[in-house]
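K.L.:
Numbering (the UniProt record's numbering), first residue to last: 1 to 168.
(1) Where does residue 112 fall in DSSP's three states?
(2) CA-CA distance, residue 152 and residue 34?
(3) Between which two residues does the alpha helix (DSSP H) holding residue 35 run?
(4) What first and last residue would you give for the alpha helix (DSSP H) that runs through residue 15?
(5) Using three-state DSSP, classify residue 123 as helix, strand or coil.
(6) Does DSSP classify residue 66 as helix, strand or coil?
(7) Under the three-state reduction of DSSP, which class applies to residue 146: helix, strand or coil?
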C-alpha cells in the first residue's frame, strides 16, 4: 500500500479522534450523572492520547519511515474507565442516568462507527505494524461502545422497572 493511502487512513482517524475528544468535552458538562461526567472526562483524555499516537505515526510515514512496532501496545487501562465508575445499583441515581440516555446513545453510535472504521482499515492494510495499530484502536473503541451499550441497557431497564413497564 502506498504511503499516501496510509496518510489518508491516519488523517481520517485523527479527525475522528479529535471529533470524539470535542464531543466528550462538550457533553461532560451536559450529562447529569456524576459517573458519566467522570467517564466523559477520561474518554476525552483517551481520545487525545489516540490522536497523539496517530499524529506521531503520520509524521513518520510522511518522513518516509515505517510504522512503530505496536505488538506490545495493549488496552492500557482503557477497559478500566467504566469499571472504575461501576457503582452499586441501589446507590445509582437512575433519574440522572435516564436523562443522559440521548447523549449516551450518541456516544455509543460514535464509538461504534469508529470501531467499524478501524476494523475495516485494518483489513485493508499490508503493513503488519499498521494493522496492529488499527486492530488495537478497534479494540479500544469496541470496549467503549460495549460499555456504553451496557450503561444504556441498565438505565433503560431500571426506568421500565421503576415505571412498572416491561416491553415483554
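Beta carbons are placed, not taken as given, at the ideal position from N, Cα and C, and that holds for glycine.
P.N.:
Looking at the coordinates:
(1) helix
(2) For residue 152 and residue 34, the distance between alpha carbons rounds to 15 Å.
(3) 34-62
(4) Where residue 15 is concerned, the enclosing alpha helix (DSSP H) stretches over 3-27.
(5) Residue state, collapsed to three classes: helix.
(6) coil
(7) helix
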